[in-house]
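Here's the structure we're looking at; comments come further down.
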Amino acid sequence: MTDAPDLPLPSLLRQDLPAVVDAALGRHGMEVTRATAESIIPPGANMTTGGLWRILGTAQQAEPGNEAEPVPFRVIAKLTQSPLLWPGIQAVPPEFRELLAARYPWRTEAQAYAAGVSAALPSNARMPVAFRITELDAQRILIWMEDADDGGAQGWSDQHFAEAAFVLGSLAGSPAADACVTAVPDATTSRRLEFFLEGVGTQLFIPAIMGDDVWRHPVVAGAADPEVISGLRSLAGRARDLVDVLVALPQFPMHGDASPQNLLAGASAGGDRAFVLIDWGNFGRGPAGFDLAQLLAGRVNDGDMPGSDLTRLAPLCVDAYCSGMAEAGTEPDASAVARGHAAAMAVFTGLQALPLDQLAEPRPGLEDVVAGRLDMVRFILGRLDTLGM
83 MTDAPDLPLP
93 SLLRQDLPAV
103 VDAALGRHGM
113 EVTRATAESI
123 IPPGANMTTG
133 GLWRILGTAQ
143 QAEPGNEAEP
153 VPFRVIAKLT
163 QSPLLWPGIQ
173 AVPPEFRELL
183 AARYPWRTEA
193 QAYAAGVSAA
203 LPSNARMPVA
213 FRITELDAQR
223 ILIWMEDADD
233 GGAQGWSDQH
243 FAEAAFVLGS
253 LAGSPAADAC
263 VTAVPDATTS
273 RRLEFFLEGV
283 GTQLFIPAIM
293 GDDVWRHPVV
303 AGAADPEVIS
313 GLRSLAGRAR
323 DLVDVLVALP
333 QFPMHGDASP
343 QNLLAGASAG
353 GDRAFVLIDW
363 GNFGRGPAGF
373 DLAQLLAGRV
383 NDGDMPGSDL
393 TRLAPLCVDA
403 YCSGMAEAGT
413 EPDASAVARG
423 HAAAMAVFTG
433 LQALPLDQLA
443 EPRPGLEDVV
453 AGRLDMVRFI
463 LGRLDTLGM
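Residues in the sequence shown are numbered consecutively from 83, following the working numbering.
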């Protein structure tokens with residue numbers, strides 16, 4: 083096996099690669115003739131993702147005198163890790179670090195693949211094929227999977243959102259998926275909601291919202307009128323009550339991070355739309371409608387969709403989610419789904435609407451992103467009011 087000199091293969095990927103290539107190509111005894119690795123996330127971007135690489139290369143049958151052309155392959159390698167290995171851990175108070183490691187389950191994604199969650203999804207959805215899962219040591223797991231990249235598809239239609247919501251509702255309503263949750267030792271529970279609020283919510287986001295400095299920032303000030311400021315402060319003040327609402331709702335299987343960026347949409351063999359769901363690190367049980375919060379917020383958060391679109395999309399997605407639950411065999415409670423979606427969006431999206439991590443060195447276009455996010459806050463506040471929450 084040789085590496086391109088300009089993009090060497092990280093050493094931790096070398097040992098598994100031959101077996102992974104055999105699995106990816108459906109052959110035995112393949113010899114890797116070329117391999118390059120491209121990092122596809124910035125270092126330290128995620129607390130429990132130590133690395134994410136796309137590996138491209140060629141391989142051929144390891145037989146004497148074999149003159150056949152090498153066969154191309156491409157796979158993804160994802161390194162999941164304990165939060166204690168996160169480069170930013172030094173910013174966490176020492177007394178909080180072990181608690182963070184204990185309550186932030188970094189093994190969940192590997193366990194979800196091993197539990198066979200993909201088989202519990204509806205016919206138009208699946209997980210990436212996992213070729214190999216290697217526990218490197220007590221704090222690191224390497225997951226090898228197919229490269230299910232959708233080419234960075236842009237511009238989801240209303241129908242895209244409805245079909246994705248149906249898939250998420252089918253996951254929530256599936257008895258088979260519920261059995262998979264039981265089989266995942268580190269599956270996410272409602273404690274995640276409490277941990278978020280008690281941790282970064284209370285220590286970072288709420289103080290910023292309640293203070294004045296962030297509202298004076300030139301990137302924020304132009305989009306923040308007094309009504310949205312007072313509304314977001316009111317939301318921050320009752321975040322504990324909203325978490326209590328979420329914990330009290332019926333709990334169902336959930337993806338846990340179901341933004342459009344993690345629902346890769348492509349065409350199935352029959353020509354219908356099919357979804358490949360990635361990033362299962364928060365798989366577990368959560369409130370009815372929880373996955374709709376990330377589904378609707380993801381593209382707004384990235385600046386790819388105006389927050390005003392949510393007024394139209396939210397009812398559509400709630401209906402589709404309920405239809406998915408019913409199709410999977412669980413009678414939906416549309417009121418619980420709507421309340422779960424609204425409260426989850428308030429806590430996990432509303433409190434994080436201001437991009438605090440980007441304000442120190444604003445990038446071009448950040449003003450537009452902030453304006454879209456604050457429009458999303460206006461939608462959230464209106465939705466809570468409509469539902470009497």
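Built from N, CA and C at the ideal position, the CB exists for glycine as well. The model shown is predicted, which means the values in this text are computed figures rather than measured ones.
Check                                                                                                                                           : Outcome
Hey, ALA106 and PHE213 are a contact pair by Cβ (cut 8 Å); roughly how many whole angstroms apart?                                              : 6 Å
Can you tell me the Cα-Cα spacing of GLU309 and SER316, whole angstroms?                                                                        : 10 Å
Measuring CB to CB, does ASN206 end up less than 8 Å from VAL249?                                                                               : yes
Based on Cα-Cα distance, which residue from VAL459, HIS299 and PRO369 lies nearest to GLY251?                                                   : PRO369
In whole angstroms, what separates the C-alpha of ILE311 from that of LEU392?                                                                   : 20 Å
Quick check: the Cα distance between THR131 and ALA435, rounded to an integer number of angstroms?                                              : 23 Å
Please state the DSSP three-state secondary structure of PHE357.                                                                                : strand
Between which two residues does the alpha helix (DSSP H) harbouring SER417 extend?                                                              : 416-427
How long is the line joining the alpha carbons of LEU307 and LEU275, rounded to whole angstroms?                                                : Correcting the residue identity first, residue 307 is Asp in this sequence and not Leu. Taking the straight line joining both Cα atoms gives about 29 Å.
Specify the secondary structure class of VAL114 as computed by DSSP and reduced to three states.                                                : strand
Sort out for me which residues DSSP pairs TRP226 with in a bridge.                                                                              : ALA159 and ARG214
For the beta strand (DSSP E) containing PRO335, list its first residue and its last residue.                                                    : 333-336
Given a cut-off of 8 Å on the beta-carbon distance, is the pair VAL296 and ALA425 in contact?                                                   : no
Under three-state DSSP, which class holds LEU314?                                                                                               : helix
Where do the N-terminal and C-terminal ends of the beta strand (DSSP E) with GLN142 fall, by residue?                                           : 131-143
Let's test the definition: count the other Cβ atoms within 10 Å of the Cβ of HIS337 and tell me whether it reaches 16, buried, or not, exposed. : buried
If LEU331 sits next to ARG421, beta carbons under 8 Å apart, how far is it from one beta carbon to the other, in whole angstroms?               : 7 Å
Under the three-state reduction of DSSP, which class applies to GLU120: helix, strand or coil?                                                  : strand
Cα-Cα, which of PRO342, ASN128, GLU151 and GLU191 is closest to ASP232?                                                                         : PRO342
Exposed or buried, what is HIS423 when buried is set at 16 or more other beta-carbons lying within 10 Å of its beta-carbon?                     : buried
What did DSSP end up calling GLY447 once you bin it into helix, strand or coil?                                                                 : coil
With GLY368 as the anchor, note down where its alpha helix (DSSP H) starts and where it stops.                                                  : No alpha helix (DSSP H) holds GLY368; the beta strand (DSSP E) holding it covers 366-369.
Judging by CA-CA distance, which residue of GLN440, ALA184, GLU280 and ARG367 is the nearest neighbour of VAL325?                               : GLU280
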